[in-house]
Amino acid sequence: MCHKSFSQKSHLNNHLPTHTNEKPFSCDVCQKGFAQKGTLNRHLRTHTNEKPFSCDVCHKSFSQKVSLNHHLRTHTKEKPFSCDVCQKGFALKGTLNQHLRTHTNEKPFSCDLCHKGFTLKGDLYRHLRTHTNEKPFSCDVCQKGFALKCTLNQHLPTHTNEKPFSCDVCHKSFSRKSNLNRHLRTHTNEKPFSFDVCHKGF
Numbered sequence: 001m002c003h004k005s006f007s008q009k010s011h012l013n014n015h016l017p018t019h020t021n022e023k024p025f026s027c028d029v030c031q032k033g034f035a036q037k038g039t040l041n042r043h044l045r046t047h048t049n050e051k052p053f054s055c056d057v058c059h060k061s062f063s064q065k066v067s068l069n070h071h072l073r074t075h076t077k078e079k080p081f082s083c084d085v086c087q088k089g090f091a092l093k094g095t096l097n098q099h100l101r102t103h104t105n106e107k108p109f110s111c112d113l114c115h116k117g118f119t120l121k122g123d124l125y126r127h128l129r130t131h132t133n134e135k136p137f138s139c140d141v142c143q144k145g146f147a148l149k150c151t152l153n154q155h156l157p158t159h160t161n162e163k164p165f166s167c168d169v170c171h172k173s174f175s176r177k178s179n180l181n182r183h184l185r186t187h188t189n190e191k192p193f194s195f196d197v198c199h200k201g202f
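Note that the sequence shown covers residues 1 to 202 in UniProt numbering.
Laid out in structure tokens, this is it:
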């Protein structure tokens, strides 16, 4: 099998079902099966919302110890996983795996409707809303719905008149970064959009 060694026979017995696909431990709530009792116990916390592992720094709680360990790296800034291509460091192996696709251009997640491919599963979910017109994020002030949370965040300053993005040249302020970027071209005279027929810049 895998030739993994254990200090106790009970630990070996717990490990063996991972090879046989046997799942003798089942959840009383949702009937999902598990190979190991410890995995069942961790799963049960998803139903009870129990979070016995807490961070000593910010007191945020977690249902699993591994989640706490991952969280602690946000405080220590530890990044034990690095990219072989560009040497960028990451706190989580999963985040490194996602990053690697930016080098390979691998897009393992595809839309069943238009077959467009995506590097990240989250990007696929966000894309699907363009087909379903689902808008799960709504403004508390005007109840306008948005498909993306970042779009809602961009919308909110329109109510508060907050303008957090300012021009370094003339100090004019804007509620959106995209509006600031457009404004900056009035200073640089940059025209990044050209017409293919006459090559005129806009």
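Cβ atoms here follow ideal geometry from the backbone N, Cα and C, with glycine treated the same way.
Note that this is a predicted model, so its numbers are computed, not measured.
So H15 and F25 are in contact, right, with Cβ under 8 angstroms, and what is the actual spacing, rounded?
By a beta-carbon distance limit of 8 angstroms, H15 does not contact F25. Their separation comes to about 14 angstroms.
F6 - partner residues in DSSP beta bridges
Under DSSP, F6 forms no beta bridge with any residue.
Cutoff 7 angstroms; reference residue 278; Cβ partners in own chain excluding five residues on either side:
Because residue 278 is not part of the residues shown, which for the chain are 1 to 202, the question remains open.
What do you get for S175, buried or exposed, if any count of 16 or more other CB atoms within 10 angstroms of its CB means buried?
By the 16-neighbour rule on beta-carbons within 10 angstroms, S175 is buried.
CA-CA distance, N49 and S63?
Spanning the two alpha carbons is a distance of roughly 7 angstroms.
Measuring from the CB of H155, is there a heavy atom of the ligand PLP at a distance below 7 angstroms?
Only the bare structure without any ligand can be found here, which leaves the ligand PLP out of the picture.
DSSP three-state assignment for S67, whether helix, strand or coil
Reduced to three states, the DSSP call for S67 is helix.
Can you tell me the Cβ-Cβ gap for K116 and H99, rounded? I've got them flagged as a contact below 8 angstroms.
Between H99 and K116 the Cβ distance is about 21 angstroms, and since that is not below 8 angstroms, they are no contact.
Three-state secondary structure assigned by DSSP to K178
Rather than Lys, the amino acid found at residue 178 in this sequence is Ser. Helix.
CA-to-CA distance, K51 to H19, given in whole angstroms:
The alpha-carbon separation between H19 and K51 amounts to approximately 30 angstroms.
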